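Numbering (the UniProt record's numbering), first residue to last: 1 to 209. All C-beta atoms in this analysis are idealised placements derived from N, C-alpha and C, irrespective of residue type, glycine included. Every value quoted in this text rests on a predicted model; they were computed, and no experiment measured them. Here the structure comes first, spelled out in structure tokens, and everything after it is commentary.
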């Protein structure tokens, strides 16, 4: 597979399944062979057709940070008169592993997400404990989310679930044997949040194996 195409699929797989990521890229390409695209054409495709395809399934304002970075690297490569290495992603794009056995790590993660602009509530459920920042919401919200997670999990493994309530939007994703959920205002930009949540993984130790 073309290296740039692979990078795009890896970036999209942070928020959708790899199969859905491949399908999005295929539709954006519109029959063009990936190997025939020069760096500038790749950048235009990312910022044009691909961004439109993403907006068709996710409520994002702008590109995912990883795709925006890749498009900028491609533009720089296109302007360079000398051959340069293929675009690579920074070390900071690696997954962040959370030790769910550690109460302090669970609390740190929930507090970090709760402080983001537009966030109304954060819930982290694990076999080691439950961390909450509910704001004006009651415990009944947690029970609702736990039920949603169980139903989604029974249908098969899911990567991320998104829905809109009357006054808020919800992102729910499995984490370890539990889930991580963030409730935001309807006008909040989900791009950074989806990207951040997609990088978080449970450290596979103990009961989380």
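Have a look at the DSSP bridge pairing and note the partners of residue i.
i           : result
residue 4   : Residue 4 is not bridged to any residue.
residue 31  : Note: residue 31 sits in no beta bridge, so no partner.
residue 202 : 98
Going by DSSP, what residue range makes up the beta strand (DSSP E) through residue i?
i           : result
residue 133 : 129-133
residue 120 : 119-126
residue 178 : 178-185
residue 169 : 168-175
residue 162 : 161-164
Using CA atoms only, rank isn't needed, just tell me which of the options is closest to residue i.
i           : options            : result
residue 187 : 110, 50, 70, 170   : 170
residue 68  : 77, 54, 46, 56     : 46
residue 193 : 178, 103, 63, 37   : 63
residue 164 : 58, 30, 104        : 58
residue 56  : 107, 66, 118, 27   : 27
residue 191 : 66, 128, 166       : 66
residue 103 : 80, 130, 136       : 130
residue 32  : 15, 138, 5, 139    : 5
residue 162 : 128, 138, 139, 197 : 197
Taking 6 angstroms as the limit between beta carbons, can you name the residues of its chain near residue i, skipping five residues before and five after?
i           : result
residue 175 : 202
residue 181 : 123, 145, 172
residue 96  : 199, 200
residue 149 : 179
residue 50  : 28
residue 99  : 105, 203
residue 132 : 123
residue 128 : 100, 101
residue 20  : none
residue 137 : 121
Following the continuous alpha helix (DSSP H) through residue i, name the residue where it begins and the one where it ends.
i           : result
residue 104 : 103-114
residue 38  : Neither: residue 38 is in no alpha helix (DSSP H) and is coded neither H nor E.
residue 142 : 139-154
residue 78  : 65-79
residue 52  : 51-55
Cβ of residue i within 8 angstroms of Cβ of residue j?
i           : j           : result
residue 78  : residue 39  : yes
residue 195 : residue 14  : yes
residue 269 : residue 141 : Given a span of 1 to 209 for the chain in the structure shown, any question on residue 269 remains unanswerable.
Short of 7 angstroms in beta carbon distance, which residues of its chain neighbour residue i, apart from the five on each side in sequence? Order them along the chain.
i           : result
residue 113 : 119, 122, 182
residue 9   : 18, 21, 22, 25
Report whether the distance from the Cβ of residue i to the nearest heavy atom of the ligand GTP is below 7 angstroms.
i          : result
residue 35 : The model depicted lacks the ligand GTP and carries no ligand whatsoever.
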